Structure formats: C-alpha cells, structure tokens
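Structure first, then comments.
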Amino acid sequence: MTTYIIRRVIIGIIILLIVSMMVFLLVRLLPGDPLMVFMGNYSLSGTINTMGPEEHDRLMKLYGLDSPIYVQYVDWLGDIFQGKLGKSIGVGQDIGLLIGERIGRTAYIGTILFIITTFGGIIVGIYCALRRGTWIDNTITTIANIGMTVPVFWFGILLIYLFGYKLGWFPFSKWVDPVDDFWYSTSYLIMPIASVALGGIAGMARLVRSCMLEVMRTDYVRTAWAKGLKERVIVVRHQPLQRECSTI
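Take this note's numbering: the final residue in the sequence shown is number 255, and no numbers are missing along the way.
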C-alpha cells in the first residue's frame, strides 16, 4: 500500500510538471511582446509609445524576458516553490497578497457549495433511483444533463441580468462580510452559489443515481424487497449508503 501511494504521488508530480511546462510554453509562444502586455496599464499615458530601445531592453532584462524559454521556466518554477507568484498585470499588485485577501471569501463560498452540492446531489440521486423510469426521474435526469452542459459563466451572467439587473431581487455588485450584515451577504451569495451549484448537483445526482441502481440490482437488496420491508428501511439499512458516499 505504501509503495502504491508513493508511486501515485510521484506520477502526480510528474503530470503537474508536464502540464505546467505545456501551459508556460503555450503562453510564451503567443504572438506579441510580453512587455507590451505587462505595461498595458500605462499605454494611455504614453509610456509604451515613448519607450526607446534601450529602456525596452532594460525592462526585458529586469523581468528576465530576454532569457531562453527554458531558463524562464526554471526561474518561474523556483519562484513558485518560494511562494513568489509575481505581480498581477491587471492591478499591478503582488498575486500572493491578492490571493490572501480573497482566500477567506473563496473558502466561505466553497464550503457552502460543497455542502449544497453534496447533500443536494445525494438526495436527488437517491430519489431518482427509487423512482426510476417515472416522469419525475426523466424530468430530473433531463435537467441534470442540461445543468452539466451549461457553462457556469453563462448561467451566472444570465442570473445577474435577470434577477439582479432586471428584477432587482438580489445584489450583485458589492461583497459584504457576513459578520457585518448576514442577511445582505446571504442574498449576495444566492446567485453565484446557484450558478455553480447547478452543475455540481447535476453531476453528483447522476453519480449517486448510477451507484444506487447498481446496488438495487444486487441479491441482498432484492431479498429485502421480497421480504416486504419498507422502502426507508431498505434504503437506510440494507443499501450501503456509507459505501456509496465514501466512493463519492
């Protein structure tokens, strides 16, 4: 078991390195001058237009953009291991600080999403499995298939436009800490959580439904049905939900 875990960890590290190399290479091979992109915020003030060749070369050397691609990759990877994520092109601030400012909100929303998608998907999946072939199962399955294919960003924009802009039911422009105003913060979270949870619940429901149907075809579950046990007893006791949930 230990050997298997070590081997999987090593394979995971190798895959991460290969993916990082490919992404870094693709970004660097894009047409255009990376310095022009980096200095894009100052183009309106004429910094780019008035920059001479010497100043351009100096900045290229300062940021290491004049080095070969493999040297740039090694330097970038070394900075990553040291926690140096560089500066954001958009706002010109350290990326580590930007992540630190937002990680609390991300964890808060992610925790709520995890709870909603997990329990919502399990409940919907179990219900569909127990009502297999009915119009309710077909309707929910169709909605789940659509929910898995709808892009999150598109659904989020649709919610903002309809319920935020047109109807004005929910705020969408300013984050408020739940400690300061819990109800306003909750109303603010409804649309982003709904846009992401749709696909999560859909995927979880399909997985749970498939697992439940597989278990329902086993001999010991059929025997329980033949004995005349109630549906609740079979689902809770005889069908190993613990095994399915641990698999999920």
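Ideal Cβ placement from N, Cα and C applies to all residues, glycine included.
Predicted model only: the values in this text are computed from it and were never measured.
- The continuous stretches of alpha helix (DSSP H) do not include ARG224, and DSSP gives it neither H nor E.
- Three or more beta-carbon pairs separated by less than 8 Å link the stretch 142-152 to the stretch 209-216, which places the two stretches in contact.
- Taking 8 Å as the upper bound for CB-CB distance, ILE200 and LEU120 are in contact here, some 6 Å apart.
- Going by beta carbons, ILE164 and MET219 fall outside the 8 Å limit.
- In the structure shown, the three-state DSSP call for LYS94 is strand.
- TYR70 sits away from MET28, with the two beta carbons spaced by 8 Å or more.
- Annotated three-state conformation of ASP184 is coil, per DSSP.
- DSSP places ASP86 within a helical segment (H, G or I) once states are collapsed to three.
- For SER194 and LEU174, the gap between their C-alpha atoms comes out near 14 Å.
- In this structure GLY206 is buried. Its beta-carbon is surrounded by 16 or more other beta-carbon atoms within 10 angstroms.
- Per DSSP, reduced to three states, the secondary structure at ASP64 is helical.
- Secondary structure in the stretch 138-203: the alpha helix (DSSP H) runs of 4 residues or longer, each lying completely within the stretch, are 142-156, 159-166 in chain order.
- GLY90 and GLY103 do touch by the CB rule: their CB atoms are close to 6 Å apart, below 8 Å.
- DSSP lists LYS94 as the beta-bridge partner residues of ASP101.
- DSSP places LEU37 in the coil class of the three-state scheme, outside both helix and strand.
- Contact check for GLY171 against PHE177 passes: the beta carbons are separated by less than 8 Å.
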